[in-house]
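Written out below as structure tokens is the structure these notes cover.
There are 2 protein chains.
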Amino acid sequence: MACDKEVANVEWRIKVEEDDTLKRKLVGCMWAVTAGVALKLCMFVKKAWELGLNDPRKFIHCLKVGIALSAVSIFYYWKPLNDGVGGNAMWAVMTVVVVFEYTAGATICKTVNRMCGTSLAGFLAIGVHWVASRGGEQLEPIIIGVSLFLLASAATFSRFIPTIKARFDYGAMIFILTFCLVSISGYRVDELLDMAQYRMFTVIIGSILCIIVSVTIRPIWAGFELFVLVTGNLDKLANSLQCCVSQYFGGSEAPEAENDEVSDKKLLGYKCVLGSKATEESMANLARWEPAHGRFNFRHPWRQYVKIGASMRSCASCLDALIGCINSDNKASDEMKKNMSSISMKVGANCASVIRELATTMRNMTKSSKLDILVTEMNSDAQELLGFLSSYPNMVNAPSHNAKLSTQTETAPSDVPLAAKVEIPLMQIIQVVTVASLLIEIVSRMEGIVEAVEELSDLANFQPEMSVKSKQHSADSKISPDQQNAEEADTTLQMV
Amino acid sequence: MACDKEVANVEWRIKVEEDDTLKRKLVGCMWAVTAGVALKLCMFVKKAWELGLNDPRKFIHCLKVGIALSAVSIFYYWKPLNDGVGGNAMWAVMTVVVVFEYTAGATICKTVNRMCGTSLAGFLAIGVHWVASRGGEQLEPIIIGVSLFLLASAATFSRFIPTIKARFDYGAMIFILTFCLVSISGYRVDELLDMAQYRMFTVIIGSILCIIVSVTIRPIWAGFELFVLVTGNLDKLANSLQCCVSQYFGGSEAPEAENDEVSDKKLLGYKCVLGSKATEESMANLARWEPAHGRFNFRHPWRQYVKIGASMRSCASCLDALIGCINSDNKASDEMKKNMSSISMKVGANCASVIRELATTMRNMTKSSKLDILVTEMNSDAQELLGFLSSYPNMVNAPSHNAKLSTQTETAPSDVPLAAKVEIPLMQIIQVVTVASLLIEIVSRMEGIVEAVEELSDLANFQPEMSVKSKQHSADSKISPDQQNAEEADTTLQMV
């Protein structure tokens with residue numbers, strides 16, 4: 001017995017000790033988990049904060065939402081106003097929450113959709129209700145049920161139709177919502193009319209408040225964002241193109257190591273062009289809801305920006321292939337590269353200056369006087385490059401001559417004497433030929449961008465450059481800071 | 001006087017006649033306008049109907065919405081049930097309208113968001129309300145107003161953070177909505193607890209109903225859609241590539257005129273690949289909410305499909321440049337084309353068969369045993385093409401020999417004797433060289449697709465082919481009709 005007791009005692013002690021270490025372990029574990037979660041949370045908050053610092057307009061938008069909500073809740077608290085809408089002021093609050101969006105265009109689009117959907121569905125539902133109430137107690141639920149089923153299905157189907165989806169997607173949903181609310185609720189028709197009136201009134205109040213806050217306090221216009229995105233992408237494309245050509249052909253004058261990152265960023269700018277299709281389309285859809293702002297009219301041809309974007313993407317995919325070829329294994333002979341460098345770099349620089357001129361045209365909203373000259377120059381340079389390639393067998397010369405060439409690069413390539421022919425294996429010129437012909441292909445695709453921008457300038461009635469020259473300077477200096485700001489933001493915009 | 005009267009008479013008559021013609025014109029005009037509107041409406045309805053016929057699942061979705069709404073409105077009409085939630089059954093109806101989406105993933109995502117947002121905001125709001133009610137009548141509106149402002153701003157800002165935007169965008173909105181509803185409404189706390197309970201209960205009922213209808217009646221899984229989109233795009237890319245190479249090099253065996261449209265469609269299939277980035281990303285975001293379905297587990301690596309899509313796009317943009325070069329003005333010499341046709345077409349066909357094998361791998365969810373061999377073959381063919389190009393100066397022969405070559409195309413190119421050298425100007429081989437080197441670039445970019453698919457096969461634990469060979473046959477025949485259906489739909493999916 002005594003022995004048993006002792007054993008039990010020991011066991012108990014062991015248990016207590018075990019419990020103690022377990023407890024300690026548990027506490028330690030909990031601390032570790034808490035610290036881990038806290039650290040992660042800190043990192044998350046820090047990242048989010050940086051996101052906001054990169055684009056302060058995000059902070060401003062949040063403040064705007066807060067202001068709009070506070071304003072509409074004052075309306076709720078102010079008794080006479082709330083009584084005026086039958087105590088339904090909560091609908092106004094809900095409208096603000098649901099309708100307030102980042103860009104003014106999106107806010108207006110949702111507002112209009114909500115008002116149209118609500119009123120259309122309200123009238124229809126009251127009509128159906130009236131018909132059903134005549135049908136007697138037995139028919140009433142059947143009539144309402146069938147009409148609900150049919151209308152909800154039809155409205156849902158309409159959301160698949162591209163034109164409706166682009167403009168009235170939200171409206172169709174609100175239509176179903178309101179129809180359900182009104183037709184199902186077993187109110188009498190005269191009560192319904194009151195309710196419909198209050199609901200319309202509160203929705204309108206909330207909507208107007210949203211539009212006012214969205215448009216007056218540092219407005220973010222979808223149209224302007226689209227404009228900045230497209231013109232910024234034009235610049236990026238130009239930089240990428242020029243950077244890539246000059247890096248390849250002008251390899252000898254390599255940029256310094258500290259500039260590597262900058263030039264890499266420049267080189268890969270075209271990827272933004274390739275990836276901005278969806279953003280452009282949604283912006284263009286929203287922009288058409290916006291009133292005239294800045295230098296844009298109400299019916300500014302926003303769809304044209306999508307077309308410009310598409311033609312840019314076609315160029316950018318060619319540039320992507322070009323950069324791929326440059327990075328591939330089979331290298332070109334340095335001689336050939338040297339021979340072609342001046343003309344190729346000229347083509348690249350001309351392409352880039354055409355693109356930049358197009359961007360300037362769009363920024364200044366003027367018809368460029370230089371554009372035609374630049375395009376002609378670009379085309380003739382491309383022809384020259386092609387001609388240079390065609391005459392190449394005459395150029396395959398002994399290395400001795402090439403050494404001479406490299407010292408006098410100013411000599412026009414066609415001037416080279418035909419003496420001392422030596423064949424260069426095709427292997428060594430594959431890359432250069434590919435790069436050159438892709439450059440020519442890019443030049444031919446540039447036509448698409450030029451045409452699209454010219455169509456825009458016709459549609460939007462751009463003025464000839466001369467007549468606005470004097471105005472330009474002031475406009476330029478006026479717009480640039482805002483634009484700069486927006487341009488900085490546009491990378492983050494695409495990130496999100 | 002008599003004369004005057006007569007004049008007046010005549011005038012009157014003229015006026016009457018004028019009025020008559022005006023009326024007739026007006027009626028005619030109105031008829032024309034009505035007919036025009038009716039015609040346009042007819043066209044619109046016809047188009048919409050065709051949209052539905054192309055993808056009957058759209059019709060089914062509409063019926064599902066109708067069914068869900070009817071079911072939830074029965075719940076509203078059934079008095080005991082409605083009384084059980086304090087007459088708040090309308091919230092369940094609203095939940096169904098707002099939450100029901102096309103794919104099961106989207107429905108589940110919105111459902112979970114709505115439930116989480118509602119409950120989180122509800123608890124917070126009750127807490128704030130309780131604190132405010134302790135603060136006395138003067139402090140109460142200030143505490144509530146400030147907390148509303150801060151929380152609404154913070155929740156709005158969280159919607160800009162990419163990870164939250166991808167998963168909890170709707171939840172953040174519902175959070176603000178519920179917080180406003182609860183904190184603004186001047187109810188007492190115990191009333192609030194009741195209301196919160198009812199609201200939670202109705203939201204859950206509506207949500208569960210939505211999920212049941214969405215998942216049980218012909219469910220449309222975002223994951224499966226993504227899978228069909230990506231594998232279909234792989235096939236399209238393979239077809240485009242093979243079609244383009246064989247059209248260019250095998251021009252002599254031109255397809256018949258009636259097949260032109262079909263082959264054009266095949267050729268341009270790669271454009272779908274270029275344009276499906278946004279669809280893929282949104283599908284991948286939705287798919288992760290879905291439970292296991294078909295052969296996909298709950299944690300199927302959907303993000304990997306986006307990576308596969310990205311690597312496909314990189315190939316497709318190269319193909320785009322290739323097709324651009326083929327359509328450009330400077331034509332290649334037929335001789336060179338003929339010499340290179342067999343090897344180039346082999347590269348094209350091999351590339352296509354690698355892509356098709358990848359698609360098969362994904363469809364069968366097996367690790368392919370052939371893939372390594374095919375990739376090796378493709379790479380060695382590409383090397384051969386490069387080698388052929390490098391040895392080309394030896395190939396520039398007199399036309400007499402080329403005539404011989406064309407009759408015995410089986411002769412390996414490297415066997416050509418070195419006799420009778422004649423130079424072909426570089427001009428005539430630019431295009432062929434470009435096409436060949438872009439082909440080689442495409443082969444090198446194929447590596448990205450192969451790697452991405454192999455990573456997928458590791459992540460999703462694909463079985464080795466041998467062990468599932470017997471199962472495969474039945475699975476193949478079981479899946480194909482559904483897949484066919486989905487594949488047909490996928491073009492319309494991208495359209496919308």
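So the protein lines, in turn, are chains A and B. Position 109 (the first sequence) corresponds to 109 in the UniProt record's numbering; numbering is contiguous. Position 264 (the second sequence) corresponds to 264 in the UniProt record's numbering; numbering is contiguous. Each residue gets a CB set at the ideal place from its N, CA and C atoms; glycine is no exception. Since the model is a prediction, treat every value here as computed from it, not as a measurement.
query	result
Beta-carbon contacts of residue 371(B) that lie in its chain and below 6 Å, excluding the five residues immediately before and after	357
Residue 301(A) - DSSP class collapsed to helix/strand/coil	coil
Whole-angstrom distance between residue 106(B) and residue 362(B), CA atom to CA atom	24 Å
Whole-Å CB distance - residue 97(B) paired with residue 176(A), under 8 Å assumed	5 Å
Per-residue contacts from residue 342(B) into chain A (C-beta, under 9 Å)	Those do not exist, as residue 342(B) stays about 18 Å from chain A at its closest Cβ, beyond 9 Å.
Residue(s) in a DSSP beta bridge with residue 463(B)	366(B)
Expected contact under 8 Å - CB spacing of residue 349(B) and residue 242(B) to nearest Å	6 Å
Alpha-carbon to alpha-carbon, residue 48(B) and residue 59(B)	11 Å
Proximity of residue 222(B) and residue 287(B) at Cβ, strictly below 8 Å	yes
Residues near residue 219(B) in its chain [Cβ-Cβ closer than 8 Å; skip 5 each side]	104 and 293
Any 3 or more C-beta pairs closer than 8 Å across the stretch 289 to 309 of chain A and the stretch 433 to 446 of chain A	no
Within-8 Å CB hit, residue 464(B) to chain A	no
Own chain partners of residue 280(A) with C-beta closer than 6 Å, once the 5 adjacent residues on each side are dropped	306 and 309
Host alpha helix (DSSP H) of residue 114(B) (start-end)	104 to 134
Rounded straight-line distance, which links the Cα of residue 190(A) to that of residue 131(A)	14 Å
Contacts around residue 300(B), its chain only, beta-carbon distance under 7 Å, and the 5 residues preceding and following it disregarded	223 and 460
Under 7 Å by beta carbon: chain A residues contacting residue 430(B)	389, 433 and 437
Residue environment, residue 343(A), which counts as buried when at least 16 other CB atoms sit within 10 Å	buried
Heavy atom of the ligand MG within 7 Å of residue 205(A) beta-carbon	No copy of the ligand MG appears in this structure; indeed no ligand is present at all.
Any chain B beta carbon closer than 8 Å to residue 101(A)	no
Residue-chain proximity (residue 318(B), chain A), Cβ-Cβ < 8 Å	yes
Where residue 100(B) sits in the DSSP three-state scheme	coil
Minimum Cβ-Cβ distance from residue 170(B) to chain A less than 8 Å	no
Residue closest to residue 72(B), alpha-carbon to alpha-carbon, out of 328(B), 207(B), 438(B) and 262(B)	207(B)
Where the alpha helix (DSSP H) through residue 83(A) begins and ends	79 to 84
Span of the alpha helix (DSSP H), counted from its first residue to its last, around residue 235(A)	222 to 249
Cβ-based neighbour list, residue 325(B), same chain, cut-off 8 Å, excluding 5 preceding and 5 following	431, 434, 435 and 438
Chain B within 8 Å of residue 93(A), Cβ atoms only	yes
Reference residue 322(B), options 211(B), 338(B), 277(B) and 441(B), closest by Cα	441(B)
Contact list for the stretch 146 to 161 of chain B against chain A, Cβ threshold 8 Å	148, 149, 150, 152, 153, 154, 156, 157, 158, 160 and 161
Three or more C-beta pairs below 8 Å linking the stretch 193 to 204 of chain B and the stretch 78 to 91 of chain A	no
Positions along the stretch 269 to 290 of chain B whose CB lies within less than 8 Å of some CB in chain A	274, 275, 277 and 278
Nearest neighbour of residue 160(B), chosen from 161(A), 44(A) and 214(A) [CA to CA]	44(A)
Cα-Cα separation between residue 147(B) and residue 154(B), rounded to whole angstroms	10 Å
Three-state class that DSSP yields for residue 296(B) in the structure shown	strand
Cβ of residue 244(A) within 8 Å of any chain B Cβ	no
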